[in-house]
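My numbering applies: residue 25 is where the sequence shown begins, and numbers increase by one. Backbone N, C-alpha and C define an ideal beta-carbon position, used for all residues, glycine too. Predicted model, so just to flag it, every value in this text is computed and none were measured.
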Amino acid sequence: MTIVAGVAGPYLRTLADGEVGARHRWITHIIDGLREHPDVELRTDGDWSGYDNRPVFKVRRGHRLAPNSLNLGHAAAAGESYEVFKEIRQEHRLDGVSFQVGIPGDLDLALFAFGSARSFSRRRPFRDALAREIEEIAGWGGQDVLFQLEVPVELVMVARAPKSLRTAAARLLVHGMVKQVAAAPPGTRFGVHLCVGDLNNKALKRLSTVAPVVSMVNRAAAGLAARAFAGVRPRSAGGGRPAATAGTGLLPRSGIPGRVTPGRQVRRRPGPRGSRTGRPAEDPPHRGECPLSYGGRIPRLWPRQAFAAGRPACPGKSGRPGRIMIAGLSVVRRIGLDPRVTSASRPGRSG
Numbered sequence: 025m026t027i028v029a030g031v032a033g034p035y036l037r038t039l040a041d042g043e044v045g046a047r048h049r050w051i052t053h054i055i056d057g058l059r060e061h062p063d064v065e066l067r068t069d070g071d072w073s074g075y076d077n078r079p080v081f082k083v084r085r086g087h088r089l090a091p092n093s094l095n096l097g098h099a100a101a102a103g104e105s106y107e108v109f110k111e112i113r114q115e116h117r118l119d120g121v122s123f124q125v126g127i128p129g130d131l132d133l134a135l136f137a138f139g140s141a142r143s144f145s146r147r148r149p150f151r152d153a154l155a156r157e158i159e160e161i162a163g164w165g166g167q168d169v170l171f172q173l174e175v176p177v178e179l180v181m182v183a184r185a186p187k188s189l190r191t192a193a194a195r196l197l198v199h200g201m202v203k204q205v206a207a208a209p210p211g212t213r214f215g216v217h218l219c220v221g222d223l224n225n226k227a228l229k230r231l232s233t234v235a236p237v238v239s240m241v242n243r244a245a246a247g248l249a250a251r252a253f254a255g256v257r258p259r260s261a262g263g264g265r266p267a268a269t270a271g272t273g274l275l276p277r278s279g280i281p282g283r284v285t286p287g288r289q290v291r292r293r294p295g296p297r298g299s300r301t302g303r304p305a306e307d308p309p310h311r312g313e314c315p316l317s318y319g320g321r322i323p324r325l326w327p328r329q330a331f332a333a334g335r336p337a338c339p340g341k342s343g344r345p346g347r348i349m350i351a352g353l354s355v356v357r358r359i360g361l362d363p364r365v366t367s368a369s370r371p372g373r374s375g
């Protein structure tokens, strides 16, 4: 936090602790902790050397997995880091910067704990346990905390769905995210982090198009519009495939239209006479290639109007620059820091 605040402070909206200690591999410590849980037993063992080589559990016959028996550790870790965050914020005069707390999706926890076949039926205890910890953190953090829902499983499921079912899959999966948000105290602020995983520097799925991301962003914007929804942070990196060195971080809610479509370029809509509506906010100069390019191919994602956070330019068919809607990079990666220093710039989610 000290490094990021010192170098990228003026450009930060949130600051996370970087998920240090046992959390450095995301939720693996939570899943491994189930080995000592009295209500579950090991189905197959694994050492996390790959997505298919991990411990998978099942509920013991005659037992029930109760939410209050799950201690996920987010509240304790957040409470410890928050005190350090406040000192750093004061020292670097980062007024208005919020403390970011990463929260895994309940479906993600259930899938990695019990396997894909039982993930939907086993997600409820995790949702209630997460809600309890979110409520505890919101109790002492209030509006000074932004919770970031981290949902790689949901994005990968949408990416694997047939094209004709992609929108329906996104709607179903975002509905589960909405339930998690609805269980939090009123006014609790949330953002959404979309990625494809980074277990042992390998992605759960390599995306060749941003269409699944578009589907998730559209549904998240629609489903969470009535909540204290801060925005979406998609990732343009994936496992061993690094991201470009230019881009933006969190796409604010104010910059999300009713719907966006990939592959369609739409010119900026002018605001009222004499206004500056739709013009992008000031930002440091961007360098490098289109931030959502994969393997030299530039997937185009054009908004129906200009975005406050849509700054990097990508060439259209004519070769003229246009504005891209989202790019999952923060200023921290742009200036060359280790992406693991902060969640605003760390690689995709691991298992």
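Neighbourhood of residue i by C-beta, 8 Å cutoff - its chain only, sequence neighbours within 5 removed
| i | result |
| --- | --- |
| F144 | L131 and A134 |
| L118 | A29, G33, L36, L39 and I112 |
| A90 | D63 and P149 |
Three-state class that DSSP yields for residue i in the structure shown
| i | result |
| --- | --- |
| T38 | strand |
| L223 | strand |
| L58 | helix |
| F109 | helix |
| F150 | helix |
| R67 | strand |
| V182 | helix |
| I322 | At I322, the pLDDT of 28 sits below 50, so the modelled position is not reliable and the matter cannot be decided from this model. |
| S143 | coil |
| T437 | Any answer about residue 437 is impossible in this case: the structure gives the chain only from 25 up to 375. |
| N92 | helix |
| R387 | With the chain represented from 25 up to 375, any question about residue 387 goes unanswered, as that position is not in the structure. |
| H87 | coil |
| A137 | helix |
| V44 | coil |
| I161 | helix |
| A101 | helix |
| A250 | coil |
Strand pairing of residue i, partner residues [DSSP]
| i | result |
| --- | --- |
| G166 | None; G166 has no bridge partner. |
| H217 | E174 and R257 |
| P128 | E174 |
| F123 | L39 and V169 |
| G74 | N77 |
| K82 | E65 |
Delimiting residues of the beta strand (DSSP E) encompassing residue i
| i | result |
| --- | --- |
| S239 | Unbroken run through S239 is the alpha helix (DSSP H), A235 to G247; no beta strand (DSSP E). |
| T17 | Residue 17 lies beyond the stretch modelled for the chain, which goes from 25 to 375, so this question has no answer here. |
| R230 | First-last for R230: undefined, no H or E at that position. |
Range of the contiguous alpha helix (DSSP H) that encloses residue i
| i | result |
| --- | --- |
| F253 | Looking at the DSSP string, F253 is not in any alpha helix (DSSP H); the run it does join, the beta strand (DSSP E), is F253 to P258. |
| R376 | Any question about residue 376 goes unanswered here, given that the chain covers just 25 to 375. |
Other residues of its chain near residue i: CB distance less than 7 Å, five sequence neighbours each side excluded
| i | result |
| --- | --- |
| K229 | V180, A183, R184 and V220 |
| T26 | I112 |
| R207 | Residue identity differs from the one stated: residue 207 is Ala in this sequence, not Arg. So the qualifying residues of the chain are R151 and A155. |
| K81 | First, the residue type needs correcting, since residue 81 is Phe and not Lys in the sequence shown. Cβ within range, chain order: L58, V64, E65, L66, R67, A137 and F138. |
| A252 | G211, T212, R213 and F214 |
| L96 | I54, A153, L154 and E157 |
| V121 | L36, R37, T38, L39 and R113 |
| R142 | none |
| H87 | D63 |
| D76 | none |
| V202 | G247 and L248 |
| V83 | D63, V64 and L89 |
Close Cβ partners of residue i (< 6 Å) along its chain, the five nearest in sequence each way excluded
| i | result |
| --- | --- |
| Y106 | F123 |
| A23 | Only positions 25 to 375 of the chain appear in this structure, which leaves residue 23 out of reach. |
| E174 | G126, P128, H217 and R373 |
| Q172 | Q124, G126, G215 and H217 |
| L198 | For clarity, residue 198 is Val in the given sequence; the question names Leu instead. Here the set comprises R243, A244 and G247. |
| H116 | A29 and G33 |
| R147 | D130, L131 and A134 |
Sufficient close CB pairs (3 or more, under 8 Å) joining the segment 43 to 58 to the segment 90 to 110: With a cut-off of 8 Å, the segment 90 to 110 and the segment 43 to 58 count as touching, because enough Cβ pairs lie within range.
Three-pair Cβ contact test at 8 Å for the segment 57 to 68 versus the segment 117 to 132: The segment 57 to 68 makes no contact with the segment 117 to 132: fewer than 3 CB pairs, one atom from each, lie closer than 8 Å.
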